[in-house]
Amino acid sequence: MGKEGGGPEAGAGAPPTGVQGQGRTCLLIRKAPYGASNAAETFRALQAFYAFEKPVTVLFVDDAVLSLVRGADPAGIGMRPLSRAFADLGALPGVGFVVHLESLEERGLRPDDLEPPLEGADAFRFVRTADLEAILASHKAIIRV
Amino acid sequence: MRLGVLLLDSPYQTQDVDSCIHFVEAALRKGHEVVGVFLLMDGLYALNSKIKAPGDRNLAEEMSALASRVRVVGCGTCARFRGVVKADLIKGASLGGLGELVEIVEASDRFVTFGG
Numbered sequence: 001m002g003k004e005g006g007g008p009e010a011g012a013g014a015p016p017t018g019v020q021g022q023g024r025t026c027l028l029i030r031k032a033p034y035g036a037s038n039a040a041e042t043f044r045a046l047q048a049f050y051a052f053e054k055p056v057t058v059l060f061v062d063d064a065v066l067s068l069v070r071g072a073d074p075a076g077i078g079m080r081p082l083s084r085a086f087a088d089l090g091a092l093p094g095v096g097f098v099v100h101l102e103s104l105e106e107r108g109l110r111p112d113d114l115e116p117p118l119e120g121a122d123a124f125r126f127v128r129t130a131d132l133e134a135i136l137a138s139h140k141a142i143i144r145v
Numbered sequence: 146m147r148l149g150v151l152l153l154d155s156p157y158q159t160q161d162v163d164s165c166i167h168f169v170e171a172a173l174r175k176g177h178e179v180v181g182v183f184l185l186m187d188g189l190y191a192l193n194s195k196i197k198a199p200g201d202r203n204l205a206e207e208m209s210a211l212a213s214r215v216r217v218v219g220c221g222t223c224a225r226f227r228g229v230v231k232a233d234l235i236k237g238a239s240l241g242g243l244g245e246l247v248e249i250v251e252a253s254d255r256f257v258t259f260g261g
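These protein sequence lines map, in sequence, to chains A and B. Here the first sequence is numbered in our numbering, starting from 1 and rising by one per residue. Here the second sequence is numbered in our numbering, starting from 146 and rising by one per residue.
So this is what it looks like as structure tokens:
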């Protein structure tokens, strides 16, 4: 999987590489972290796909982009931060992240506000709405958690 | 066609459990293969054999009938978080890890999610 198309403006034109392929599964998440368990369950599913060596993309749309905000610390409500956990898994081979740029912007966020994956991340892409259809169509299955 | 199904919501709260069951039944009637139904998060509650529904449809019984025909697996971790044990499950259903969800997805031509 290549690295072309990375960076905040990667959404323009063709869908980014590194998150495509007939064998990939897409985990689509739209809900905010901590208020519901969807983000945590998506993280667990991501772990399972990685453990089974199945390529997987996590697509963060709407409030789900908050799952990646750098420095989020839910310890006060007895929960563990998902942003660092997601970022750590994003550095693993076969794992790709796609973040919807408009969802970020609607919440006053920029790509720089997110927890970056570790060095060597296979795919961490930002896309516009116009690219979502192509992203979804490029996956074998879409699991909306 | 081989179909995989994921159920995320609890019975009676929404129509999702009903829709899931009816979808699988319809698919089987049409001759499709249903690789498996995986119940994640609150969807797990649809496997609770203690469900009583006076005067209404019993979704646990309907799910049990489904489990006699297709693979029905609840998320074991979700069950532990909700205090559900194996003895609580409807006949034909089992608990498993998310690896079983991966298997169902991989074996399916189409994958359908209900709830969430």
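Using N, Cα and C, we set each Cβ at its ideal position, and we do this for glycine too.
Annotated three-state conformation of A141(A) is strand, per DSSP.
Taking 8 Å as the cut-off, the beta carbon of I235(B) is found no closer than this to the beta carbon of S253(B).
With a beta-carbon spacing of about 16 Å, V218(B) and F49(A) fall beyond the 8 Å limit used to define contacts. Taking 8 Å as the cut-off, the Cβ atoms of L66(A) and L46(A) do not count as close. In this structure the segment 194 to 205 of chain B does not lie against the segment 168 to 182 of chain B, because fewer than three pairs of beta carbons, one per stretch, are closer than 8 Å. Taken in chain order, the unbroken stretches of alpha helix (DSSP H) that lie wholly in the segment 147 to 187 of chain B and span 4 residues or more are 161 to 174. Of the other Cβ atoms in all chains shown, 16 or more fall within 10 Å of the Cβ of A212(B); this residue is therefore buried. Rounded to the nearest angstrom, the gap between the Cα atoms of S164(B) and Q158(B) is 12 Å.
With a beta-carbon spacing of about 11 Å, L104(A) and R128(A) fall beyond the 8 Å limit used to define contacts. Per the DSSP secondary-structure output, F256(B) pairs in a beta bridge with G149(B). With fewer than 16 neighbouring CB atoms inside 10 Å of its own CB, R214(B) falls in the exposed class. Residue range 56 to 60 is occupied by the beta strand (DSSP E) that includes F60(A). DSSP, read as helix, strand or coil, puts G78(A) in coil. Of all C-beta pairs linking the segment 77 to 96 of chain A to the segment 128 to 140 of chain A, fewer than three are shorter than 8 Å, placing the two stretches out of contact. Against S253(B), the close residues of chain A are A141, in the order they occur along the chain (beta-carbon pairs closer than 8 Å).
The shortest CA-to-CA distance from V250(B) to any of I143(A), I77(A), E115(A) is the one to I143(A).
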